[in-house]
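Let me begin by presenting the structure, written as structure tokens, before commenting on it.
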Amino acid sequence: MNPSERFLAAFYQLMHNRDGLIEDCRLTQNVLCDTTAIDTELAELIREIEVVTELSRKAIYENARSAADQTEWTERNNAYLERHRKASEQVDELEAIRRERLGKGKIIESFIKDIEICPLAIAEFDQKLWLAVIDHVTVGQDGAMTFIFKNGSEETA
Numbered sequence: 004m005n006p007s008e009r010f011l012a013a014f015y016q017l018m019h020n021r022d023g024l025i026e027d028c029r030l031t032q033n034v035l036c037d038t039t040a041i042d043t044e045l046a047e048l049i050r051e052i053e054v055v056t057e058l059s060r061k062a063i064y065e066n067a068r069s070a071a072d073q074t075e076w077t078e079r080n081n082a083y084l085e086r087h088r089k090a091s092e093q094v095d096e097l098e099a100i101r102r103e104r105l106g107k108g109k110i111i112e113s114f115i116k117d118i119e120i121c122p123l124a125i126a127e128f129d130q131k132l133w134l135a136v137i138d139h140v141t142v143g144q145d146g147a148m149t150f151i152f153k154n155g156s157e158e159t160a
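Remember, the numbering used here sits 3 above the position in the sequence shown when you count from 1.
Shown next as structure tokens:
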């Protein structure tokens, strides 16, 4: 079989149970793309940043109004700044993870839509279909081709 025929064979295997495939994709999407815990943690970190910002603002105000031990004030303010820096770094990391998950969700959603509108029988290779459903292909030493679809499933042909 040539590569186009192998793709069609793998695609037919994948589409054998289209409804089950779509259901599996939705479940995968719900698990892999859930940002609920991240959103909760982000809200807590943002509150922490707001609290630390307010504490630092008050410390600056108090230092300006009264004579205070500058060494003590500097240590306290540096501690506020460090808390703020750590919380901000965590926010950046969590936002990157959140964006990645949402991006995966869009890819899976696109895959689902392509599968829903795709005909079950395809007579010849279709480049648009290939681009819509294939993530990558691995060719073994024996020449077997494993097609990895965008939903993560694999078919060997």
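Idealized CB from N, CA, C, for every residue including glycine.
Exclusion of the five residues before and after Ser-91 leaves Ile-52 as the residues of its chain whose Cβ lies within less than 7 Å of its Cβ.
When DSSP states are grouped into helix, strand and coil, Thr-149 belongs to the strand group. Contact check for Lys-153 against Val-136 passes: the beta carbons are separated by less than 8 Å.
For Glu-85, the enclosing alpha helix (DSSP H) covers residues 73 to 120.
Linking Asp-22 to Ala-13 through their CA atoms gives a straight-line distance of about 17 Å.
CA-CA distance, Phe-150 to His-87, rounds to 47 Å. By the criterion of at least three beta-carbon pairs nearer than 8 Å, the region 68 to 79 is not in contact with the region 34 to 54. In the displayed model, Asp-37 falls within coil according to three-state DSSP, outside both helix and strand. Selection Ile-49, Glu-127, Ile-115, Arg-60 evaluated against Arg-9 yields Glu-127 as nearest (Cα-Cα). In this structure, the alpha-carbon of Leu-11 lies about 39 Å from that of Glu-98. Taking every protein chain shown into account, the CB of Tyr-83 has 16 or more other CB atoms within 10 angstroms, so this residue is buried. Asn-66 and Glu-96 have their C-alpha atoms spaced approximately 34 Å apart. Pairing Leu-123 with Gln-144, the inter-Cα distance amounts to about 31 Å. The criterion of a C-beta distance shorter than 8 Å is satisfied by Leu-17 and Leu-24.
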